[in-house]
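J.:
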Amino acid sequence: MLKYGMYAKAVELLCFKQALARLAQIYPDMDMKRYKRSVKREYKEMLLRTPDIGGSSLEMNLYIAAFVFSLHKAEPDRITPEVVDEMVTAVFDSPFMVKAHENKKCTLFTDNVQDKKVQESIASQTSKYELDWKFHYEKGVDEFYNTYTECGICKLGKRENCFEFVPCLCNMDERNYRNEGGQLQRTKTLGQGDECCDFHVTLIK
Numbered sequence: 113m114l115k116y117g118m119y120a121k122a123v124e125l126l127c128f129k130q131a132l133a134r135l136a137q138i139y140p141d142m143d144m145k146r147y148k149r150s151v152k153r154e155y156k157e158m159l160l161r162t163p164d165i166g167g168s169s170l171e172m173n174l175y176i177a178a179f180v181f182s183l184h185k186a187e188p189d190r191i192t193p194e195v196v197d198e199m200v201t202a203v204f205d206s207p208f209m210v211k212a213h214e215n216k217k218c219t220l221f222t223d224n225v226q227d228k229k230v231q232e233s234i235a236s237q238t239s240k241y242e243l244d245w246k247f248h249y250e251k252g253v254d255e256f257y258n259t260y261t262e263c264g265i266c267k268l269g270k271r272e273n274c275f276e277f278v279p280c281l282c283n284m285d286e287r288n289y290r291n292e293g294g295q296l297q298r299t300k301t302l303g304q305g306d307e308c309c310d311f312h313v314t315l316i317k
């Protein structure tokens with residue numbers, strides 16, 4: 113199972129401030145201290161019932177997704193997908209998050225990173241973990257293709273009856289790649305009910 117430990121607390125540290133600041137603009141009447149306590153409770157409970165994926169490099173995405181789903185579960189009548197989208201956008205547009213991605217700029221297309229992704233994609237096909245991703249990675253020069261046929265975030269969304277919130281996270285992919293020096297082209301997503309997520313990322317020159 114996932115743990116309410118270092119990764120979970122790092123997600124809270126990175127996300128709470130910006131998310132709550134945006135929410136306070138949307139709902140000035142909401143008791144943010146009470147809501148934050150509710151989110152933390154929902155988040156911890158969700159993590160402790162969510163299977164891990166063996167320490168995969170993608171596992172952090174499950175911690176982030178669980179946090180996002182907890183934003184809704186803490187106040188289900190008011191925290192709709194539209195509101196969560198605003199909160200998630202505020203987090204990913206924060207100076208810290210932009211800087212974190214910019215620090216990785218141009219590493220996406222290096223041999224080391226791409227060769228590791230190729231190996232991870234091969235291993236993903238026989239993963240024994242219920243919430244793991246399955247994907248096929250094609251290495252290129254100043255570009256790569258990454259086709260996901262199974263997504264851990266989508267699986268967690270279905271487990272938690274929060275699948276409608278998955279696109280809130282999908283929407284962040286384009287800006288994250290852009291901050292890292294890549295341009296994402298994608299025509300399908302599992303989060304929208306398609307058969308795959310077809311990532312094609314090219315170097316911004």
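Numbering (the working numbering), first residue to last: 113 to 317. Quick reminder that beta carbons are idealized off the backbone N, C-alpha and C, glycines included.
1) Leaving out five residues on either side along the sequence, give the residues of the same chain with a beta carbon under 6 Å from the beta carbon of H312.
2) Alpha carbon to alpha carbon, what distance is there between V278 and C266?
3) If you draw a straight line from the C-alpha of F181 to the C-alpha of K251, how long is it?
4) Does the distance from the C-beta atom of Y260 to that of V230 stay below 8 Å?
5) Spatial neighbours of E198 within its chain, please: C-beta separation below 7 Å, excluding the five flanking residues on both sides.
6) Taking Cβ to Cβ, would you say L315 is nearer than 8 Å to A177?
7) With a cut-off of 8 Å, do at least 3 Cβ pairs link the segment 143 to 160 to the segment 183 to 190?
8) Among the residues of its own chain, which have a CB less than 8 Å from the CB of Y116, if the five just before and after it don't count?
9) Based on the DSSP secondary-structure assignment, which residues constitute the bridge partners of C274?
10) Mind listing, in chain order, the continuous beta strand (DSSP E) runs of no fewer than 3 residues lying wholly within the segment 232 to 285?
11) Output needed for D244: all residues of its chain with C-beta closer than 7 Å, excluding positions within five of it in sequence on either side, in chain order.
12) For F128, does the three-state DSSP call read helix, strand or coil?
13) Quick check on DSSP: helix, strand or coil for L183?
T.: To lay it out plainly:
1) Y257 and Q297
2) 6 Å
3) 33 Å
4) no
5) R134 and I138
6) no
7) yes
8) Y155, K156, L159 and L160
9) Looking at the DSSP assignment, C274 forms no beta bridge with any residue, so it has no partner.
10) 246 to 251 and 255 to 262
11) I165, S168, S236 and G264
12) helix
13) helix
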